[in-house]
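Residue numbers (this note's numbering): 24 to 340.
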């Protein structure tokens, strides 16, 4: 064995270990966004939380773009990138934050975990992917889980409107996941994410009125939390995720995202003292089980191709 081979062999575990650390960091950062949003909502409106968060994220990614001399997107792709920014960031974050006014952080993360189910349905319609019988079983189980959560707000079977708002956010995120697949053939994950976030931030500027007044009255911990949301889950989380995708198949990388609700539950408990009720935990586990069934047993064709859209589901938060 040559010295070059020895060096390559020695470096391989280090590279694998770094990829694993990036994956865990991404999961932890995105999971932490759910309780962080709840903190931000103590001083800001749901829409100002989204606006300030992505103004910060856009600034961080702009610095990164300048330092790396990121190329501008093609003019022909601007409408598709704008649509991605609208669905994946402006719409998703507005409805997620609005829902979290009443929905606990961990419960919201469970509902957002249903996004791959919607993604599978959109992929079947627009990308001509097919589902096996197990796929439909998984979808039914996940929707049962969402129903358990949605009707667990209070005594008896009372519909929780906030849960439906978070479900709309999951729907927007799934549309973003499916819609980005053609663009990822021409752009790296970091480039695409940067363009989409910038467009999403531009659209969120419609909520600018009143944000200065809220900033002036907000306590320091709420402002610091929004800075955290923008820099870490909003910008660094996407960069670490891009690093994972550059080293692992999409289907393997996507498996890490199943851990987001569990991390969010622990972080919300430690940070906010939130403990989801039994119905939320049962519903959340049903959602996760359904997602796993759909994406392991439920699809026809190549698993790698069929799961590439899952890798952007965001939990992103």
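The beta carbon of each residue, even a glycine, is placed where N, CA and C say it ideally should be.
Predicted, not measured: the structure shown is a model, and the values here were computed from it.
Next on the checklist: Please state the DSSP three-state secondary structure of residue 358.
Outcome noted: Outside the displayed range of the chain (24 to 340) lies residue 358, so it cannot be described from this structure.
Next on the checklist: So, for residue 15: in the same chain, excluding its five sequence neighbours on each side, which residues have a beta-carbon less than 6 angstroms away from its beta-carbon?
Outcome noted: The structure shown does not extend to residue 15, since the chain spans only 24 to 340, so no value can be given for it.
Item to check | residue 204 - DSSP class collapsed to helix/strand/coil | outcome: coil
Checklist entry - Alpha carbon to alpha carbon, how far is residue 253 from residue 45? => result 18 angstroms
Checklist entry - In terms of residue numbering, what span does the alpha helix (DSSP H) encompassing residue 170 cover? => result 156-173
Checklist entry - By Cβ distance, which residues of its chain are closer than 6 angstroms to residue 39, with the 5 residues on each side in sequence left out? => result none
Checklist entry - Can you check whether the CB of residue 195 is closer than 9 angstroms to the CB of residue 313? => result no
Item to check | Residue closest to residue 197, alpha-carbon to alpha-carbon, out of 109, 270, 172, 173 | outcome: 109
Next on the checklist: Could you check if residue 119 belongs to the surroundings of the ligand FAD, using beta carbon to heavy atom distance under 8 angstroms?
Outcome noted: Questions concerning the ligand FAD fall outside what the structure shown contains, since it holds no ligand whatsoever.
Checklist entry - From residue 209 to residue 191, what does the alpha carbon distance come to, in whole angstroms? => result 29 angstroms
Next on the checklist: Am I right that residue 119 and residue 136 are in contact with their C-beta atoms under 8 angstroms? What's the rounded C-beta distance?
Outcome noted: Wrong, their Cβ atoms sit about 12 angstroms apart, outside the cutoff.
Checklist entry - Is there contact between the stretch 215-234 and the stretch 41-58, where contact requires at least three CB pairs shorter than 8 angstroms? => result no
Item to check | DSSP state of residue 61 mapped onto helix, strand, coil | outcome: helix
Item to check | For residue 75, the nearest candidate out of 250, 295, 258 (CA to CA) | outcome: 250
Item to check | Residue burial classification, residue 65 (beta-carbon count within 10 angstroms, cutoff 16) | outcome: exposed
Checklist entry - Among the residues of its own chain, which have a CB less than 8 angstroms from the CB of residue 315, if the five just before and after it don't count? => result 161, 281
Checklist entry - Using CA coordinates, which residue listed in 241, 234, 186 is at the minimum distance from residue 302? => result 186
Next on the checklist: Between 168, 304, 237, 123, which has its C-alpha nearest residue 71's C-alpha?
Outcome noted: 237
Next on the checklist: Taking the alpha helix (DSSP H) that residue 75 belongs to, which residues open and close that run?
Outcome noted: 69-91
Item to check | Assumed close pair residue 296, residue 49 - CB separation to whole angstroms, cut-off 8 angstroms | outcome: Wrong, their Cβ atoms sit about 25 angstroms apart, outside the cutoff.
Next on the checklist: Helix, strand or coil for residue 127? Go by DSSP, reduced to three states.
Outcome noted: coil
Checklist entry - Considering only C-alpha positions, which residue in the set 61, 62, 91, 57 is nearest to residue 211? => result 91
Checklist entry - Excluding sequence positions up to five away, which residues of its chain have a Cβ less than 6 angstroms from the Cβ of residue 270? => result 42
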